[in-house]
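Notes for the one structure printed next.
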Amino acid sequence: MTLHDLTVAELAAKLSSKEVSAVETARHFLARAKAHESLGAYLATNEDVTLSQARAADERIAAGDKAALLGVPMAHKDIFVTQDFPSTAGSKMLEGYRSPFDATVVSKLAAAGVVTLGKLNCDEFAMGSSNENSAFHPVKNPWDTSRIPGGSSGGSAVAVAARLAPATTGTDTGGSIRQPASFCGITGIKPTYGRASRYGMIAFASSLDQAGPLARTAEDCALLLSAMCGPDPDRDSTSLDVPAEDFTKSLNESIEGLRIGVPKEFFGEGLSNDVRSAIDAALAQYVKLGAKLVEVSLPRTELAIPVYYIIAPAEASSNLSRFDGVKFGHRAKQYADLLDMYRKTRAEAFGDEVKRRIMIGTYVLSHGYYDAYYLQAQKIRRMIADDFQQAFKQCDLIAGPVAPTVAWKLGEHGNDPLADYLADIFTLPGSLAGLPGMSIPCGFGADHMPVGLQLLGNYCTESKLLNAAHRFQQATDFHLRKPEGF
Ligand code: GLN
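My numbering puts the sequence shown at residues 25 to 510.
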């Protein structure tokens, strides 16, 4: 088997037994990233930096260090700030920006031995569902390069699917790990809100943003998540006071008798038939594995779209006010006075979708509209979270589709942002509730495009989710399939 077909677990074992070196592994993946540059997954690589990290990993291995991910190469979504690579958030606003520090998730992975291959393309400030909102270039889906990879962590999903990295980091505000994982036929997990530190994650909507890994298998996600999570009280005030866990420990537990809730609202008219059949088959597979299906109801599923598209822009409009041309990032070259400088800077460097969200956010927070929109949205958000608690009285996990269709064509949604927003319907409820969620490959739909099964758990039940996903992957081979030519 070639190096790039190994899972993180397999690669880590070969590295620690010195069957391969970290330098050799890093070189191999850098060469692949270059050979498949036309996919648009990477925004930055730096051979010198990567190889020097790899050499340091080889030295640690030689010295007998047993860190779990020693020498494993990974690439980070360009939402995480990094000292050694530029950090752009997919925006012209931060083109060329260098952070003086690493995001906590990045430094935790580095401490576990990860070697950084580079930074990955994404929708501008993580706003989008197709990666077409990147200010630099779109990312192509390796299963069909005329299609989108999903977003906003499109580069992260494509790098794994096309074997340009064994695993990557992503962020999920309203589905940005789960949806691209589903569209690219890989595995991804967004942990409970607060389990991974947001320090150094360029903020989009702070009450929703969460970091998580994308990889080929649930086992790999468990390994990576164990290194990424943990409290960070000094630097992220919303980080949960829940100790880091070894999520690999509970893999292989039997799922005999596991109650899987199937929300009827996830199977309405909007769901395309090809996705429905793949999901039905996956649920049948769970029954074979000993799980029981229970119908549950999440009655406010449809409301998740308007609620999310009020709350997320509201927070974004506030978070993005820091990009004013003064402290960092782009500054307009010519301006008359301070106000004119702010105006020109922001007009020049933000893309259309970002501007749209800032305007919506400012509107819903403004005097006279706050009560009608923002406050109402917050109330319904609470009800959505309560609906999940009702459902979890009847089941241990919830399963359903990640998205209503398979990946659409590049340019297909054209200038219709609402088409993108509506496609987020199944991922937004879990995000608003702050719950952990996964996407695992479960079949193929129209035009042989991958379909992902979404698993949602109650707060801090990541190990239950990962175990259920792992059991599924022991019995199926969808996660082993790869796009032709990669
Ligand atoms: N598609 C959603 C949005 O555009 C979610 C993005 C995300 O999770 N970062 O906001």
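Heads up, the beta-carbon is just placed ideally off N, CA and C, and yes, glycines get one too.
This one's a predicted model, so the numbers in the text were calculated from it and none came from an experiment.
Throw me the rounded Cβ distance for the residue i and residue j pair, which I believe falls under 8 Å.
i: ALA423; j: LEU327; result: Incorrect: roughly 21 Å between the Cβ atoms, too far for contact.
i: TYR223; j: THR128; result: 4 Å
i: ALA340; j: ILE303; result: At roughly 31 Å, the Cβ-Cβ gap does not stay under 8 Å, so ALA340 and ILE303 are not in contact.
i: ASP108; j: LEU144; result: So it is not a contact: roughly 15 Å between Cβ atoms.
i: PRO162; j: GLY64; result: 6 Å
i: ALA181; j: PHE149; result: Not really, about 18 Å apart at Cβ, beyond 8 Å.
i: LEU247; j: ILE213; result: In fact, because the Cβ distance is near 11 Å, the residues do not count as touching under 8 Å.
i: MET252; j: ALA220; result: 5 Å
i: ASN491; j: GLU277; result: 5 Å
i: GLN418; j: VAL318; result: 5 Å
Can you find a heavy atom of the ligand GLN that lies under 7 Å from the Cβ of residue i?
i: ASP448; result: yes
i: ASP196; result: yes
i: SER341; result: no
i: GLY535; result: What the structure shows of the chain is the stretch from 25 to 510, and residue 535 is not part of that stretch, so it cannot be assessed.
i: PHE352; result: no
i: ALA179; result: One detail in the question is off: residue 179 reads as Gly in this sequence, not Ala. Outside the cutoff, so no.
i: SER230; result: no
i: MET383; result: no
i: SER463; result: no
i: ALA336; result: yes
i: SER170; result: no
i: SER176; result: yes
Identify, in the order they occur along the chain, each residue of the same chain with its Cβ nearer than 6 Å to the Cβ of residue i, setting aside the five sequence neighbours on each side.
i: LEU480; result: ILE422, GLY454, LEU459 and GLY461
i: ALA68; result: PHE109, PRO110, GLY142 and LYS143
i: GLY294; result: PRO428
i: GLY199; result: ASP448 and THR451
i: ASP298; result: GLY469 and ALA470
i: ASP265; result: PRO255
Can you give me the C-alpha to C-alpha distance between residue i and residue j, rounded to a whole angstrom?
i: GLY95; j: LYS488; result: 28 Å
i: GLU486; j: PRO215; result: 6 Å
i: ASP395; j: ALA457; result: 21 Å
i: ALA185; j: GLY353; result: 32 Å
i: SER131; j: ALA499; result: 35 Å
i: HIS28; j: CYS146; result: 23 Å
i: ILE279; j: ALA242; result: 15 Å
i: CYS466; j: TYR393; result: 43 Å
i: LYS273; j: LEU39; result: 21 Å
i: ASP411; j: TYR398; result: 20 Å
i: ALA134; j: ALA91; result: 10 Å
i: SER231; j: GLN402; result: 11 Å
i: THR197; j: GLN478; result: 15 Å
i: GLY194; j: LEU442; result: 23 Å
i: ALA136; j: GLY435; result: 40 Å
i: THR386; j: LEU344; result: 11 Å
i: ALA87; j: ALA80; result: 11 Å
i: SER153; j: ILE201; result: 10 Å
Buried or exposed, going by whether 16 or more other CB atoms sit within 10 Å of the CB of residue i?
i: LEU118; result: buried
i: GLY209; result: buried
i: HIS437; result: buried
i: ALA37; result: exposed
i: PRO337; result: buried
i: LYS379; result: exposed
i: PRO166; result: buried
i: GLU289; result: buried
i: PHE347; result: buried
i: PRO173; result: buried
i: ARG405; result: buried
i: VAL350; result: exposed
i: VAL311; result: exposed
i: SER176; result: buried
i: LEU363; result: exposed
Below 7 Å, is the gap between the Cβ of residue i and the nearest heavy atom of the ligand FMN?
i: GLY152; result: For the ligand FMN, the structure offers nothing, since it holds only the ligand GLN.
Excluding sequence positions up to five away, which residues of its chain have a Cβ less than 7 Å from the Cβ of residue i?
i: SER45; result: ASP82
i: TYR121; result: PRO110, SER111, THR112, PHE352 and GLY353
i: ARG56; result: HIS28, ARG187 and LEU188
i: ARG495; result: ILE279 and LEU313
i: ALA315; result: ILE279, LEU282 and ILE284
i: ILE334; result: VAL388, TYR397, TYR398 and ALA401
i: ARG324; result: ILE404, MET407, ILE408 and ASP411
i: HIS60; result: ALA186 and LEU188
Less than 8 Å between C-beta atoms, sequence neighbours within five positions excluded: which residues of the same chain meet that for residue i?
i: GLU71; result: LEU54
i: ASP244; result: THR31, VAL32, ALA33, PRO190, ALA191, THR211 and PRO237
i: ARG355; result: GLY349, MET365 and THR369
i: CYS484; result: THR216, ARG219, LEU264, VAL266 and PRO460
i: LEU93; result: VAL32, ALA36, LEU133, ALA136, GLY137, VAL138, LEU247, LEU248 and ALA251
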